[in-house]
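J.: Numbering (the working numbering), first residue to last: 68 to 260.
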């Protein structure tokens, strides 16, 4: 399945980056001319301030409309980035399986991600969540979506929506992304939404 080619994408992985079987990596390999990955200096000991600054380095280099495609702690990085920075070229963000750095004991070593921002993001967003994500309850994921002003999609029992949960290419994710891009790039749909 193809991905919309009328906009660029900046992928923001979470803890440990996204390995070769992760959908973010697969999408990047399938569409190298559309996707650019934000590469953090330390994937294993996430520090919010450093991750936000690295994201800003990439955003500052954008030269055309872009959608952020974040996973797990990458979603929190986007939320924190939006508290400090803005770019008119960032048209929206697909936020998949946001990790709950406040309540997940699995993330007690991450630095500076708390408190998680709870104000609306200044661009269109979609939060995609699972009912059995080990890093965030579905209730917390919905709370993040409400706080950020996001459309919320509960896709059922899909784990952390990563390679360990059995996701490869994640064709459903491509459909979600394409529909999101269509809304962002079609003024008529935006007016009618």
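From the three backbone atoms N, C-alpha and C, an ideal C-beta is built for every residue, glycine too.
Unbroken beta strand (DSSP E) runs of length 3 or more, entirely within the stretch 104 to 160: which are they?
T.: With a minimum length of 3 residues, the continuous beta strand (DSSP E) runs that stay inside the stretch 104 to 160 are 133 to 138.
J.: Verify whether the separation of the beta carbon atoms of residue 162 and residue 193 is less than 8 Å.
T.: Taking 8 Å as the Cβ cut-off, residue 162 and residue 193 qualify as a contacting pair.
J.: So is residue 166 buried or exposed if we call it buried at 16+ other beta carbons inside 10 Å?
T.: By the neighbour-count rule (16 or more Cβ atoms within 10 Å), residue 166 is buried.
J.: Assuming residue 196 is part of the beta strand (DSSP E), what are its boundary residues?
T.: Segment 191 to 196, the beta strand (DSSP E) holding residue 196.
J.: Could you tell me if residue 225 is buried or exposed, where buried requires 16 or more neighbouring beta carbons within 10 angstroms of its beta carbon?
T.: With 16 or more other Cβ atoms within 10 Å, it is buried.
J.: Relative to the C-alpha of residue 179, which residue among 252, 247 and 120 is closest?
T.: The residue with the shortest Cα to Cα distance from residue 179 is 120.
J.: Spell out the partners DSSP gives residue 163 in its beta bridges.
T.: Residue 163 is bridged to 138 and 195.
J.: In chain order, what residues of the same chain lie with their CB nearer than 8 Å to the CB of residue 139, ignoring the 5 residues before and after it?
T.: So the list reads 80, 81, 82, 163, 164, 165, 166, 202, 227 and 229, once near-sequence residues are dropped.
J.: Run through DSSP, which three-state label would residue 101 get?
T.: DSSP places residue 101 in coil when its eight states are reduced to three.
J.: Do three or more CB pairs link the stretch 229 to 241 to the stretch 205 to 212 at distances below 8 Å?
T.: No, the stretch 229 to 241 is not in contact with the stretch 205 to 212.
J.: Distance check for residue 134 and residue 187, CA to CA, integer angstroms please.
T.: Spanning the two alpha carbons is a distance of roughly 17 Å.
J.: In the DSSP assignment, find the alpha helix (DSSP H) that holds residue 252 and state where it starts and stops.
T.: Where residue 252 is concerned, the enclosing alpha helix (DSSP H) stretches over 238 to 252.
J.: Of the choices 182, 176 and 125, whose alpha-carbon is the least far from that of residue 154?
T.: Checking every option, the nearest Cα to that of residue 154 belongs to 125.
J.: With DSSP as the reference, identify every bridge partner of residue 221, one or two as the case may be.
T.: DSSP lists 196 as partners of residue 221.
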